[in-house]
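Residue numbers (full-length UniProt numbering): 327 to 609. Structure first, commentary second.
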Ligand code: C2E
Ligand code: MG
Ligand code: MG
Ligand code: MG
């Protein structure tokens with residue numbers, strides 16, 4: 327039907343026509359079951375640091391699916407599937423609930439009180455009940471909104487189905503949430519939107535960081551973004567920092583915040599906890 331067609335905007339995905347499609351359909355059913363039970367889903371957490379001091383400033387929650395037969399499936403593989411099959415909204419709700427519960431546990435355990443950032447997909451904004459979902463989770467776990475940051479990609483901001491989301495972002499910030507633009511620099515939006523966008527942080531995409539410091543084009547882009555963000559009073563966090571040379575470049579160009587394998591991989595909650603509580607904090 328037309329409705330069904332409209333929902334599957336990836337025209338290449340035709341489950342009835344090929345074997346790979348059959349496999350995908352099986353995976354969709356598995357994901358539905360995983361979502362219903364919750365047992366195979368996990369959040370891993372990657373630390374975020376102030377670059378000059380090494381201080382822990384936050385953690386990003388990253389979704390993981392531990393499939394009983396296929397092992398760990400990365401979000402890059404199953405999130406598009408969830409989006410095509412109407413599961414992303416439920417998955418997004420699960421993430422928000424799980425992150426809030428984890429924050430509450432960590433508070434009891436005496437973990438450093440830094441915000442956890444969750445990735446928000448377009449459908450969560452389109453559906454319109456994100457605000458009430460967040461509020462319900464926060465009140466259930468007695469957490470301030472400032473502890474739950476929201477990462478939105480440029481593509482989410484550009485998704486016209488989400489309507490005029492600027493006022494909603496402003497309202498979320500008024501409630502105390504911080505908002506970051508994820509994968510900054512990879513979208514096709516005009517820079518003028520930054521002037522009026524109600525956000526706190528720009529997450530500089532890993533694509534610009536990976537070839538630092540040797541690639542002159544990327545080095546120019548990164549130093550320009552850093553200068554621009556300073557002028558706009560936006561904090562930049564560089565994603566995907568893997569090497570000491572990248573760290574040095576970012577330090578020299580005044581990048582305030584970093585996240586990447588050089589500091590920590592995304593880890594299960596228990597490992598983050600052991601690491602943060604078991605060792606003195608250092609750069
Ligand atoms: P993202 O939000 O930009 O997350 C950063 C990705 O970069 C993560 O991949 C992380 O593991 C990876 N990464 C971090 N540091 C490094 C590094 O130093 N080197 C390299 N090579 N990679 C690094 P991951 O966990 O596979 O997630 C991929 C994407 O899936 C995320 O990109 C995000 O767009 C999406 N995603 C993950 N969890 C969720 C979720 O709960 N909801 C939604 N809507 N999307 C999610
Ligand atoms: Mg993110
Ligand atoms: Mg990103
Ligand atoms: Mg990314």
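Positions of the beta carbon are idealized from the N, C-alpha and C atoms, including for glycine.
Quick one: grab the DSSP three-state call for residue 413. DSSP places residue 413 in coil when its eight states are reduced to three.
The stretch 392-400 touching the stretch 435-444, judged by at least three CB pairs closer than 8 Å: The stretch 392-400 is not in contact with the stretch 435-444.
Is any non-hydrogen atom of ligand 1 found closer than 8 Å to the C-beta of residue 571, if you look at the structure I gave you? Residue side-chain check: residue 571 keeps its Cβ at 8 Å or more from all non-hydrogen atoms of ligand 1.
Looking at C-beta atoms only, is the number of pairs between the stretch 523-537 and the stretch 558-565 that lie closer than 8 Å three or more? Pairwise C-beta distances place the stretch 523-537 in contact with the stretch 558-565, as three or more of them are shorter than 8 Å.
Report, in whole angstroms, the separation of the C-beta atoms of residue 464 and residue 426, which I expect to be a contact under 8 Å. Their Cβ separation, rounded to whole angstroms, is 6 Å, which keeps residue 464 and residue 426 in contact under 8 Å.
Mind listing, in chain order, the residues whose beta carbon lies closer than 6 Å to a non-hydrogen atom of ligand 2? One residue list follows from the rule of a beta carbon closer than 6 Å to any heavy atom of ligand 2, given in chain order as 386, 445, 477, 508.
Which residue or residues does DSSP assign as beta-bridge partners of residue 487? Residue pairing by DSSP places residue 487 opposite no residue, since no beta bridge is assigned to it.
Do you know offhand how far residue 515's Cα is from residue 560's? Residue 515 and residue 560 have their C-alpha atoms roughly 17 Å apart.
So, with DSSP's three-state summary, where would you put residue 371? Residue 371: strand per DSSP, three-state reduction.
Look up residue 540 in the DSSP assignment and give the residues it is bridged to. According to DSSP, residue 540 bridges with nothing at all.
For residue 621, which residues from the same chain have a beta carbon less than 6 Å from its beta carbon, with the 5 sequence-adjacent residues on both sides left out? Summary: the structure shown does not reach residue 621, with the chain confined to residues 327 through 609, and so no result is reported for it.
From the DSSP output, read off the bridge partner residues of residue 479. DSSP links residue 479 through a beta bridge to 508.
Counterpart residues of residue 393 in DSSP-defined beta bridges: Assignment of beta-bridge partners to residue 393 by DSSP yields 397.
Three-state secondary structure (DSSP) of residue 523: The answer is coil: DSSP assigns residue 523 none of H, G, I, E or B.
Is the Cβ-Cβ distance between residue 420 and residue 456 less than 9 Å? Going by beta carbons, residue 420 and residue 456 fall outside the 9 Å limit.
CA-to-CA distance, residue 408 to residue 460, given in whole angstroms: Between residue 460 and residue 408, the C-alpha separation is close to 21 Å.
Using alpha carbons as the reference points, say which of 598, 502, 453, 493 lies closest to residue 472. Taking the Cα of residue 472 as reference, the smallest distance to any Cα among 598, 502, 453, 493 is reached at 502.
Is residue 486 near ligand 3 - that is, is its Cβ less than 8 Å away from at least one heavy atom of it? No - ligand 3 has no heavy atom lying nearer than 8 Å to the Cβ of residue 486.
Expressed to the nearest angstrom, what Euclidean distance is found between the alpha-carbon atoms of residue 462 and residue 423? The straight-line gap from Cα to Cα measures roughly 9 Å.
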